[in-house]
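Working notes, structure below.
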Amino acid sequence: MYSRSSMGIIPQDSAAGPAKPLIFVLTLGDDQTQLTFQESHASFLNELFERATIWHAKTTEKAFTLFTQCSEPHAIFVADGGIAHARCEVISQRLVQYAAGGGIVVFGGVFATSSLESLKKIMKQTWDLPWGIGTYQQSTLSLNSQAVSSTLQSRLPAAYSQTALSIYGMQQREAWYLSTEQTAVEHRVPSPKSIVGFNESPVVFARYGAGHVGYIGDAKPENGTMLAMLAMLGLLME
């Protein structure tokens, strides 16, 4: 499914023009999880390849190799919950160090479909984030003007419907999309909670040390979600 050398290391031809930003894509889950990501995010991957040079790792060994070849990529996209496995602990800690030192790490793809245990391990134990797992449902959320620049606002949809797992505990200025008083639940997934709270969001981009960490809860991304992921990776303005 990955058409560009199976998302392996893509050499940059200096004669072809300015170098594109280098993005690491980590898919450390099992084969079925990786296939699900490929199929559900085909359009996003096409956009990613157009805008960036992609180095891909689907094993911990390959991920470690990427860091030895380049310790400071433009950004890192974690596409599934495999990063929570014990065998990935060294890489997981490396991501924390990278973000704290000024890098960008975005948890997207099918990461939000991981087990509750895996999500809590990454958010709480590994990253020590104040985030908690919120509601999973379909609703139309609105762009938070406090969270993004005016330039970025012009490139992201003002509102759109998404089926996603929200999180809570972030500061409001870190939530790119929020519910409003007019927000209506379009489809509710069985959950102890009934509505998305005003303090929940499935699109979050927070400061982390000198860098940033992002979260995307829409695992079958709408167009607005794809734009948000590209923006978090620093590619929407390219």
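Numbering-wise (numbering that gives the first Met the number 0), the sequence shown opens with residue 0 and increments by one. Glycine is no exception: its CB is placed at the ideal position from the N, C-alpha and C atoms. As the structure is a prediction and not an experimental result, all values here were calculated from the model.
query, result
"Between Y97 and I121, how many whole angstroms is the CB-CB distance? I'm expecting something under 8 Å.", "Y97 to I121, Cβ: 15 Å. No contact."
"Applying the criterion that 16 or more other CB atoms from any shown protein chain within 10 Å of the CB defines a buried residue, is M236 buried or exposed?", "exposed"
"By a C-beta neighbour count over all protein chains shown, 10 Å radius and 16 as the cutoff for buried, is E251 buried or exposed?", "The chain is shown from 0 up to 237; residue 251 falls before or after that span and cannot be answered."
"Within a Cβ cutoff of 6 Å, which residues of the same chain sit near G101, ignoring the five residues on either side of it in sequence?", "A209, G210"
"Let me check one thing: in DSSP terms, what residues is L44 bridge-paired to?", "DSSP output for L44 lists no bridge partner at all."
"Mind reading off the beta-carbon distance from L234 to A51? Whole number of angstroms is fine, and I expect it under 8 Å.", "6 Å"
"For the segment 86–123, list the alpha helix (DSSP H) runs that are entirely contained and at least 4 residues long, ordered along the chain.", "88–99, 115–119"
"Alpha carbon to alpha carbon, what distance is there between G168 and S42?", "31 Å"
"List the endpoints of the continuous alpha helix (DSSP H) containing G133.", "Segment 131–142 is the beta strand (DSSP E) holding G133; no alpha helix (DSSP H) there."
"Would you kindly work out how many angstroms separate the C-alpha atoms of A99 and W175, rounded to a whole number?", "21 Å"
"On the premise that T32 lies in contact with D79, defined as a C-beta separation below 8 Å, what is that separation, rounded to the nearest angstrom?", "5 Å"
"Please determine if the segment 211–226 and the segment 155–163 are in contact, where contact requires at least 3 C-beta pairs separated by less than 8 Å.", "yes"
"So, are the CB atoms of T125 and S91 less than 7 Å apart?", "yes"
"For the alpha helix (DSSP H) holding Q161, just list the boundary residues, first then last.", "Element bounds for Q161: not the alpha helix (DSSP H) but the beta strand (DSSP E), 158–167."
"Under 7 Å between the Cβ atoms of G108 and H40?", "yes"
"Consider the C-beta atom of A174 and the heavy atoms of the ligand SAM; say whether any pair is separated by less than 6 Å.", "Looking at this structure, you won't find the ligand SAM or any other ligand, since it has none at all."
"Applying the criterion that 16 or more other CB atoms from any shown protein chain within 10 Å of the CB defines a buried residue, is C87 buried or exposed?", "buried"
"Under 8 Å by Cβ, that's how I've got Y207 and F106 pegged, so tell me the actual separation to the nearest angstrom.", "That pair is no contact at about 12 Å."
"In chain order, what residues of the same chain lie with their CB nearer than 7 Å to the CB of F66, ignoring the 5 residues before and after it?", "R93"
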